[in-house]
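Counting in the numbering used here, the sequence shown runs from 1121 upward without gaps.
Using N, Cα and C, we set each Cβ at its ideal position, and we do this for glycine too.
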Amino acid sequence: MSLKNLLVGQKELKNKVDLLEDSVNSSFEFVHGRLEDLEKNNVALEKKVDKQGEAIEFLLDKCNTLERFSRRNNFRIVGVPVEKGERCIEKVEKILREDFHLDNVAIERAHRDGRGLQGKPPHILVKMLSYRDKTSIMIKARDVLRGKDYYMVDDLTREDLKEKKKWKSHVAEAYEKGEKCRFFAGKWRGKDGQAKKFDG
1121 MSLKNLLVGQ
1131 KELKNKVDLL
1141 EDSVNSSFEF
1151 VHGRLEDLEK
1161 NNVALEKKVD
1171 KQGEAIEFLL
1181 DKCNTLERFS
1191 RRNNFRIVGV
1201 PVEKGERCIE
1211 KVEKILREDF
1221 HLDNVAIERA
1231 HRDGRGLQGK
1241 PPHILVKMLS
1251 YRDKTSIMIK
1261 ARDVLRGKDY
1271 YMVDDLTRED
1281 LKEKKKWKSH
1291 VAEAYEKGEK
1301 CRFFAGKWRG
1311 KDGQAKKFDG
């Protein structure tokens, strides 16, 4: 093979290498551009998801607030045995009359709620006609029912019940230090009514 042919072959090979290099560079630029576009889209999508998450959280909080309001006249009586043919309203009226010395309080409705757990009787769910009557009963309940086989609790929403249980040990520690807390409107609160903040 002559020198001339070698030079021609070398030139053709260089041209092919140059073309291949251009092709690779073009492909790299295309892929790089696509990656930048995807990153921008991903950032935009993350912001959109964050906003939607905040909106959902806001709506869930509003729903919980509305449900809490719908239960404000309610309380539950825990530990009252089930009797055949019982009328729950009459049971509640008897408890309020004999233990609380309250006559003629207006009960909108009362019924068993659920099946009961671990062999315990289902709660009696009570809805009072008056929020003032309900509040008065709950304030007296701890002292009035001390030593009884049953007790009364607020009818909490699922979210509020989770919040109450979450800080139960912290509340017990505060109580041991002489600080009393009360769970109200979805938060543990001190004597001043302000929401407590616990670590953990």
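Stretch pair the region 1210-1222 + the region 1294-1301: three plus CB contacts closer than 8 Å: no
Closest Cα partner of glycine 1310 within the set Glu1206, Cys1301, Phe1318: Cys1301
Straight-line Cα distance separating leucine 1249 from glutamate 1210: 15 Å
DSSP beta-bridge partners of methionine 1272: Paired residue(s): Ile1197.
Backbone secondary structure at leucine 1245 - three-state DSSP: strand
Contacts around proline 1201, its chain only, beta-carbon distance under 6 Å, and the 5 residues preceding and following it disregarded: Listed in chain order, the non-local C-beta contacts of proline 1201 below 6 Å within the same chain comprise Pro1241, local neighbours out to five positions each way being set aside.
Residue environment, phenylalanine 1189, which counts as buried when at least 16 other CB atoms sit within 10 Å: exposed
Sub-9 Å separation of valine 1198 and histidine 1231 beta-carbons: Not a contact, by the Cβ cut-off of 9 Å.
Span of the alpha helix (DSSP H) around histidine 1290: 1288-1296
C-alpha distance - methionine 1272 paired with aspartate 1253, whole-angstrom precision: Between methionine 1272 and aspartate 1253, the C-alpha separation is close to 14 Å.
Contact between the region 1255-1270 and the region 1151-1166 (3+ Cβ pairs under 8 Å): no
Pairwise C-alpha distance: asparagine 1161 and glycine 1153: 12 Å
Integer Cβ distance of arginine 1191 from aspartate 1275, believed to fall under 8 Å: 5 Å
Segment limits, alpha helix (DSSP H) that includes lysine 1260: 1251-1264
Lysine 1211, enclosing alpha helix (DSSP H) - first and last residue: In the DSSP assignment, lysine 1211 falls within the unbroken alpha helix (DSSP H) covering 1208-1218.
CB contact flag (asparagine 1184, glycine 1306, <9 Å): yes
Alpha-carbon to alpha-carbon, arginine 1196 and arginine 1235: If you take the alpha carbons of arginine 1235 and arginine 1196, they lie about 14 Å apart.
Distance between asparagine 1224 and valine 1212 (C-alpha atoms, nearest Å): 12 Å
Backbone CA spacing between leucine 1133 and serine 1146 [nearest angstrom]: 20 Å
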